[in-house]
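Chemist: One structure is given below, represented as structure tokens, and several questions about it will come after.
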Amino acid sequence: MRVISGEFRGRKLSAVPGDQTRPTADKVKESMFNMLGQQFGGGAALDLYAGTGALGIEAVSRGMAHATLVDKQFAAIKTIRANIALTRAPERFTVLKAPVDRALTQLGAAHAQFDLIMADPPYAKQEVLAQLAAFLELDLIAPGGRVLLETGLDVDYPEAIPGYNQLRLQKYGVAQVLILERGE
2 MRVISGEFRG RKLSAVPGDQ TRPTADKVKE SMFNMLGQQF GGGAALDLYA GTGALGIEAV
62 SRGMAHATLV DKQFAAIKTI RANIALTRAP ERFTVLKAPV DRALTQLGAA HAQFDLIMAD
122 PPYAKQEVLA QLAAFLELDL IAPGGRVLLE TGLDVDYPEA IPGYNQLRLQ KYGVAQVLIL
182 ERGE
């Protein structure tokens, strides 16, 4: 597992020990970021269920000014911190050890807004439709901001998701990637 492109390109990232996380394969991660656009011109990213931190680190490497990475597991947080240290730019990252729902509430109370929200939940515990609604209710997604979701194939997305415009839905083996943009 490595950083694919940008400022931190080629840095090898550590995996979380054990079998509690499922890291996004480099090939899928590269495809996801190609769909979003190769580079970013600043802004803030939120990486939920961050695991290794690879998605948030990739976003900053490609030009996001800052990323907040959220995970509830101690082993994941330890791995995220080690992977962030490899970037030699720890000031560009915030790490939150909390369940996603609690972190969303805290971020909403702090009036945080993100230009890109990425979520790669455990396939057995996917609550993405409720979380998409929470992003809007808590005003976490900036106008024109995007959401990238990696889920199992068992998630059936409706044709229209209130508050969002669907940009892309792509399937990869046992996973699917949905990219949405905040609507008006």
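Per the numbering used here, residue 2 is the first one in the sequence shown, and the count goes up by one each step.
Backbone N, C-alpha and C fix where the C-beta goes; we use that ideal spot for every residue, glycine too.
(1) Is the Cβ of Gly52 closer than 8 angstroms to any Cβ of chain B?
(2) From Leu56, Gly19, Gly109, pick the residue whose C-alpha is nearest to that of Phe9; which is it?
(3) Compare the C-alpha of Gly174 against each of Arg3, Val29, Leu87 and name the closest.
(4) Specify, as a first and last residue, the run of the alpha helix (DSSP H) that Ala86 falls within.
(5) Over what stretch of residues does the beta strand (DSSP E) that includes Phe136 continue unbroken?
(6) Give the DSSP-derived three-state secondary structure of Thr106 in the structure shown.
(7) Going straight from the alpha carbon of Ala76 to that of Gly184, what length do you get?
(8) Please report the straight-line C-alpha distance between Ala46 and Ala161, rounded to a whole angstrom.
(9) Could you tell me which of His67, Asp102, Leu87, Ala120 sits nearest to Asp48, measuring between CA atoms?
(10) Is the distance from the Cβ of Leu97 to the Cβ of Val71 below 8 angstroms?
Modeler: Short version:
(1) The displayed structure is made up of one protein chain only, and chain B is not part of it.
(2) Ranking the options by Cα distance to Phe9, first place goes to Leu56.
(3) Of the listed residues, the one whose Cα sits closest to Gly174 is Val29.
(4) Residues 75-88.
(5) Run containing Phe136: none in the beta strand (DSSP E); it sits in the alpha helix (DSSP H), 129-138.
(6) The three-state secondary structure of Thr106, taken from DSSP, is helix.
(7) Distance between Ala76 and Gly184, taken at the CA atoms: about 36 angstroms.
(8) Taking the straight line from one Cα to the other gives about 24 angstroms.
(9) Considering only His67, Asp102, Leu87, Ala120, the residue with the shortest C-alpha distance to Asp48 is Ala120.
(10) In this structure, Val71 lies closer than 8 angstroms to Leu97 by Cβ.
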